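Each residue of the sequence shown is one higher than the one before, starting from 50 at the first, in the numbering used here.
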Amino acid sequence: MTDADRGTRPSRLRELSRSLVLTELARSGALSQADLVRSTGLSRATVASIVTDLRAEGRLAARVGAEPARRGRPPALLQLQAGPDTVIGVDFGHTHLTVAVADLDGRIQAERHEPMDVHHAAERSLDRAAEVIADLLAEMDPAVPPVMVGVGVPGPIELDPSHPNGTFPGRVCAGTVLPSWTGFDPAAEMAKRTGLRVIAENDANLGALGEHRFGAGRGVDNVVYVKVSSGIGTGLILGGGLYRGSRGAAGEIGHVQVREDGALCRCGSRGCLETVASADAALALLTPAHGRPMTAEDLFALEAAHDPGVLRLLTDMGTAIGRVIAVVVANLDPNMVIVGGSMARDALVDSVGVAIRRFNQPYVATDMTLARAALDERSSLMGAIALAIEAVATA
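Following this line, the structure appears as structure tokens:
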């Protein structure tokens with residue numbers, strides 16, 4: 050080992066420890082030093098030293114926590130200093146585009162939502178998103194430009210092995226699911242169009258991150274988020290952090306085959322979960338019974354009127370999804386399963402929970418909590434914002 054190596058290694062370890070502390074604060078919002086020691090696994094001395102440095106740099110604010118259960122002073126809670134900086138969240142759904150500007154606490158300052166078919170050429174979708182970003186920024190204070198953009202895409206994004214820790218998302222790899230986007234690097238392409246720093250992620254992963262940071266999964270270490278919309282996917286929070294798998298494809302349950310002789314799927318397979326339990330599948334199944342093409346608004350109106358056919362359909366969809374999620378639960382043993390997306394209706398969510406318990410050993414799901422997404426259809430958008438905030442905090 051050279052003298053240069055001896056000098057570099059402690060510096061690198063210090064940098065990694067600092068990044069770990071910043072990541073935990075970005076994820077959790079406010080933590081005491083004792084919380085940081087527990088969640089990071091770092092020593093008290095290391096955490097105390099890093100906190101001292103961050104406070105001296107003006108990156109941390111402290112406030113008094115709640116009264117402790119035992120006698121003594123309440124702990125000081127540390128949180129990232131929001132400051133005037135802003136971030137942008139971009140959510141590409143299968144049928145929509147949503148763009149929002151938020152501060153570093155995740156408070157929305159401006160937002161735009163419009164219909165879009167993301168299956169059209171990727172260039173057109175990215176161009177339109179860049180135009181919407183420009184329109185929103187024209188309404189904002191030009192003295193406070195955004196410092197990061199988080200982008201969500203409804204398809205798997207392979208991990209970039211050239212990144213130091215191998216976890217920075219790269220190109221879309223959904224050849225059959227999102228063909229016009231295959232090989233595109235959404236972050237790089239959006240950066241070209243906006244001149245801003247950009248980070249991209251799968252939309253279901255962002256749904257999990259959004260609910261974990263701002264919604265039903267706050268403070269929960271192990272969460273399975275299920276997004277049921279035009280497509281179906283899951284995002285996984287394990288040990289308090291987003292789990293992507295070895296190639297970035299963890300949670301792609303929408304194309305798990307559930308019926309060997311089922312309907313053809315857009316992915317080229319047959320009988321995928323999306324062919325029986327997605328929004329598109331629901332509308333296709335309702336159309337013959339009603340003698341006309343059905344819309345999501347029609348379905349929701351019939352549900353509100355307690356139409357028995359629609360309630361049965363939602364129950365069957367939830368059962369199919371729950372049967373697949375039962376395997377995920379058996380393997381990961383999460384604290385919570387959250388169901389979100391446009392089709393997270395009461396009958397569907399309830400039947401997901403029933404199926405998870407029905408198709409598992411009794412003890413597996415005993416302590417598992419089932420919840421509907423607190424952010425409704427905004428989970429992925431808020432996840433894109435959380436991703437951008439976390440990237441800023443650890444930069």
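Ideal placement from N, C-alpha and C gives every residue a C-beta, glycine not left out. In this text the structure is predicted, and so the values were computed from the model without any measurement.
Item: Simplified DSSP assignment, three categories, for A151; Value: strand
Item: A440, buried or exposed, once every other Cβ within 10 Å from all chains shown has been counted against 16; Value: buried
Item: For P164: DSSP bridge partner residues; Value: H145
Item: Any 3 or more C-beta pairs closer than 8 Å across the segment 368-378 and the segment 263-282; Value: yes
Item: Straight-line gap, A353 to D347 (C-alpha atoms, nearest Å); Value: 10 Å
Item: Residue from A299, D382, G259 whose Cα sits closest to the Cα of S77; Value: G259
Item: Same chain only: Cβ atoms within 7 Å of E323, ignoring 5 sequence neighbours per side; Value: G280, I281, G303, H304, C314, A330
Item: Residues that DSSP places opposite V272 in a beta bridge; Value: I286, M385
Item: Of the listed residues H168, G199, D190, P191, nearest to A179 (C-alpha basis); Value: G199
Item: contact_flag[the segment 260-269, the segment 226-240] where n(CB pairs < 8 Å) is 3 or more; Value: no
Item: Stretch pair the segment 393-403 + the segment 99-110: three plus CB contacts closer than 8 Å; Value: no
Item: Cβ neighbour criterion (16 or more within 10 Å) applied to Y274; Value: buried
Item: G432, DSSP secondary structure in three states; Value: helix
Item: For V136 and M197, believed in contact at Cβ under 8 Å, the rounded distance; Value: 5 Å
Item: Alpha-carbon spacing of P205 relative to L362, whole angstroms; Value: 28 Å
Item: Cβ separation of N271 and L381, assumed to be a contact under 8 Å, to the nearest whole Å; Value: 7 Å
Item: Exposure of H339, with buried meaning 16 or more beta-carbon neighbours within 10 Å; Value: exposed
Item: Helix, strand or coil at E180 [DSSP, three-state]; Value: helix
Item: Cβ pair V378, V388 closer than 7 Å; Value: no
Item: As assigned by DSSP and simplified to three states, the class of P411; Value: coil
Item: Interface flag, L334 vs chain D, CB-CB below 7 Å; Value: Included in the structure is just one protein chain, with no chain D present.
Item: T243: first and last residue of the uninterrupted alpha helix (DSSP H) it sits in; Value: 235-243
Item: 7 Å Cβ cutoff met for Q128 and A151; Value: no
Item: Residues of its chain near V413, where Cβ-Cβ distance is below 6 Å and the 5 sequence neighbours each way are ignored; Value: A379
Item: Close Cβ partners of M343 (< 8 Å) along its chain, the five nearest in sequence each way excluded; Value: L332, L335, T336
Item: Buried/exposed call for S60, threshold 16 Cβ in 10 Å; Value: exposed
Item: Backbone secondary structure at Q128 - three-state DSSP; Value: strand
Item: Whole-angstrom distance between L424 and I182, CA atom to CA atom; Value: 22 Å
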